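Everything below concerns the one structure shown next.
Residue numbers (this note's numbering), protein chains in the order written: chain A, 1 to 410; chain B, 411 to 820.
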């Protein structure tokens, strides 16, 4: 906390409109941070469906295990999020804390309460502070409140993350609101951080899950800050179905034609939030897009893109505004995927720096160095082997990353 | 260059004795560094056998490709190493530079000349400076010279790396000398940096290769500084066979009983050099041993150990002298190997900090914090699943790593 706002923070952040069927409240439970809101309660009207993607960590937090279990039911009435303590690696007491919190949360079946925690790992989480505040929160929750919610779930974040979209769903306007948090311990192939999405569209739980699974691939699973994976990563998508009252028929088939626009809007909201997490990457001064094309297949392209995006040497070079494309070659080489050095081409922005296995004949160090001063860097690699492609986002690795993480607990 | 000597440098560094059949010379070719020796020529007597382990990078340097090709012959007459330019990703010109250098090197068949280059990737390497100096070097090469050799191959290293051992080979003393370089772009599962080993023992090339393959596993392939893999990693083991003149019969069977002691001594020399590389890890202030036991098998143990050793969050916590064992849980969880949170136990040194899926009941923050101030940290994880174990070495991740790598080329 107390770090200054990332220089990569978006210039504008939308206010999120209230969403039918969602009431929110934040409170100060004093779990770790003093003098700030650290608990979010979202109440969801009856009929709300839910989908989720959770961390693939083999040592997940107690709330992650709880959510994984409850997602099978497909129904949600409340979401409780706390920052300051992850309730991870807290053994039986962690499970008990989760159960207790779910019970007191919302005056509904505990099975329909979803929980997420973020913060320090291994500290037992005392459920008493929740018991104290949750009753009052439930009785005073109000429509709207997404901005307060986005702020309450922050840990080392330097700015809150919000995104929204409207979609024409068969002639009726529905809304997607999203909030997220995350700045470190961010890596691919799992839900990566906390992200909560809400819509008033009436969508059956299995369809919602299918939509979410496909949408995370190119969004929350296509970002990396440090290649580390949290025990607590959670993305939940809630659909209150309230738009049904405005005449929207329930969508219970993934092939429903009305989903086309909805899917696009959902991906747009998730991509915006995911990119904000990279823009708030701990210590970040550069927003880096890594594009790999011409790989043998999409999976290989993704592996190579992530090897580049996670390489400490590539990331420190970008921090130093150094067009050290040799380190990109190194990262391609170490990815363990098929690559032919002599077919490789590399661009920084529009400038081709390497081609046919050696430095571009027209290479101009001054030109590339000027480009590297930009806060937004595009790094493109063409492998010349096939049609596989991937795009991921990351940030540079700076002194501030070290400062933030060498004294997080102290 | 010019960084002060690592605080983890060994207090003592052995002088290496001359070794029968090896003559050396270093020179200043001015490839990148000014005012220092940057080329090493080692001349090897007729009959010298050779084994090698090379980077698994898919974009290897021109010298690596050359060595891989020539190792098939099993014979060596010369080794040429230059620092300052890796001759990697230099296309056809890179190959030509290698061929030219090998031709002028030693007045022997080019096929028996081994080459290694280290330094910047992607800069064309002009062979002319070699042509200028190699003739003179060959005619003035002398017995001994290992100390000068170890210094000439350094790049960002802050101290030269040397190790030696004597072995009783069936009643006759033979010697193993080793030198190495490396401080960054150090990662497992490939030869990792430059390491050159010399012995006067008479060992046939296939036996030598088999010895080397097994010895790298627990030594050069069990270290990591930043998880990045060089395009140039090379370990070569030369056996001049000169001890045969002192009555040692040639060893041409891997089952030869005399190899038992030799193998141990070789591993000891290689482990010493490998650990020195970690001790000279860019910006390192802590030497970290990661031990994983109780994994389902050795491969799983190694994956988990490397996930811990490569985690930026674990490494920054150690830099901050912070006993943040929650990040160790995180790294175990992300390794993708079988793990059962509730069977996990974690030690820092002799202090058990976590057991049975939660913080140790006797956990004492002050005690662990005191231990974290040590320059040598042992981090032990017991998985409770099987007999698999692994031990790897790494260092912490500090501000100086960023400083060194954000402006390496500038």
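Beta carbons: idealized from backbone N, C-alpha and C, even for Gly.
Keep in mind the model is a prediction, meaning the values are calculated, not measured.
{"query": "Going by CA-CA distance only, name the one from A:215, A:202 and A:269 that's closest to residue 246 of chain A.", "result": "A:202"}
{"query": "How should residue 417 of chain B be labelled, buried or exposed, when 16 other C-beta atoms within 10 angstroms of its C-beta is the threshold for buried?", "result": "exposed"}
{"query": "Take every Cβ of the segment 548 to 558 of chain B, pair it with every Cβ of the segment 519 to 529 of chain B, and state whether three or more of those distances are shorter than 8 Å.", "result": "no"}
{"query": "Which runs of the alpha helix (DSSP H) fall wholly inside the segment 572 to 658 of chain B and span at least 4 residues, in chain order?", "result": "615 to 627"}
{"query": "Within 10 angstroms of the Cβ of residue 712 of chain B, are there 16 or more other Cβ atoms? Answer buried if so, exposed if not.", "result": "buried"}
{"query": "Among A:314, A:154, A:388 and A:133, which has the Cα closest to the Cα of residue 182 of chain A?", "result": "A:154"}
{"query": "With three or more C-beta pairs closer than 8 Å as the rule, is the segment 278 to 292 of chain A touching the segment 258 to 265 of chain A?", "result": "no"}
{"query": "I'd like to know whether the C-beta of residue 303 of chain A is nearer than 8 Å to at least one C-beta of chain B.", "result": "no"}
{"query": "Going by alpha carbons, who is nearest to residue 545 of chain B out of B:795, B:748, B:455 and B:436?", "result": "B:436"}
{"query": "With the cut-off set at 8 Å, would you say residue 348 of chain A and residue 323 of chain A are in Cβ contact?", "result": "yes"}
{"query": "Of the residues that make up the segment 805 to 817 of chain B, which ones have a beta carbon closer than 7 Å to any beta carbon in chain A?", "result": "807, 808, 809, 812, 815, 816 and 817"}
{"query": "Using a C-beta cutoff of 8 Å, does residue 374 of chain A count as contacting chain B?", "result": "no"}
{"query": "Rounded to the nearest angstrom, how far is the Cβ of residue 314 of chain A from that of residue 327 of chain A, given a contact under 8 Å?", "result": "5 Å"}
{"query": "Compare the C-beta of residue 57 of chain A against all C-beta atoms of chain B and say whether one is closer than 8 Å.", "result": "yes"}
{"query": "Any idea what DSSP makes of residue 141 of chain A, helix, strand or coil?", "result": "coil"}
{"query": "Could you confirm whether any beta carbon from chain A is found closer than 8 Å to the beta carbon of residue 740 of chain B?", "result": "yes"}
{"query": "Quick one: give me the first and last residue of the beta strand (DSSP E) that residue 82 of chain A is part of.", "result": "78 to 85"}
{"query": "State the beta-bridge partners of residue 805 of chain B as determined by DSSP.", "result": "B:697"}
{"query": "Looking at the unbroken beta strand (DSSP E) that takes in residue 119 of chain A, where does it start and where does it end?", "result": "113 to 120"}
{"query": "Should residue 318 of chain A and residue 377 of chain A be called a contact, given that it needs their Cβ atoms to be closer than 8 Å?", "result": "yes"}
{"query": "So, helix, strand or coil for residue 52 of chain A, using DSSP?", "result": "strand"}
{"query": "Helix or strand or just coil, what does DSSP make of residue 682 of chain B?", "result": "helix"}
{"query": "Quick one: what does DSSP say residue 19 of chain A is sitting in, helix, strand or coil?", "result": "coil"}
{"query": "Can you look up residue 568 of chain B in the DSSP assignment and give me helix, strand or coil?", "result": "coil"}
{"query": "Span of the beta strand (DSSP E) holding residue 758 of chain B?", "result": "755 to 758"}
{"query": "Mind checking who residue 703 of chain B pairs with in its DSSP beta bridge?", "result": "B:792"}
{"query": "If contact means a Cβ-Cβ distance below 8 Å, which residues of the segment 106 to 131 of chain A contact chain B?", "result": "120, 121, 122, 123 and 124"}
{"query": "Could you spell out where the alpha helix (DSSP H) holding residue 351 of chain A opens and where it closes?", "result": "No alpha helix (DSSP H) holds residue 351 of chain A; the beta strand (DSSP E) holding it covers 351 to 355."}
{"query": "Less than 8 Å separating the beta-carbons of residue 90 of chain A and residue 122 of chain A?", "result": "yes"}
{"query": "What does residue 60 of chain A reach in chain B if we use C-beta pairs closer than 9 Å?", "result": "743 and 751"}
{"query": "Count the other C-beta atoms from every protein chain shown that fall within 10 angstroms of the C-beta of residue 550 of chain B, then say buried if there are 16 or more, exposed otherwise.", "result": "exposed"}
{"query": "With three or more C-beta pairs closer than 8 Å as the rule, is the segment 575 to 587 of chain B touching the segment 656 to 666 of chain B?", "result": "yes"}
{"query": "Could you check where the beta strand (DSSP E) with residue 331 of chain A kicks off and where it finishes?", "result": "Taken as a continuous stretch (DSSP letters only), residue 331 of chain A belongs to no beta strand (DSSP E), being part of the alpha helix (DSSP H) at 326 to 334."}
{"query": "Taking the alpha carbon of residue 387 of chain A as the reference point, which residue from A:290, A:300, A:352 and A:161 has its own alpha carbon closest?", "result": "A:300"}
{"query": "Using the beta-carbon count (16 or more within 10 Å), is residue 480 of chain B buried or exposed?", "result": "buried"}
{"query": "Tell me whether the beta-carbon of residue 345 of chain A lies closer than 8 Å to the beta-carbon of residue 354 of chain A.", "result": "yes"}
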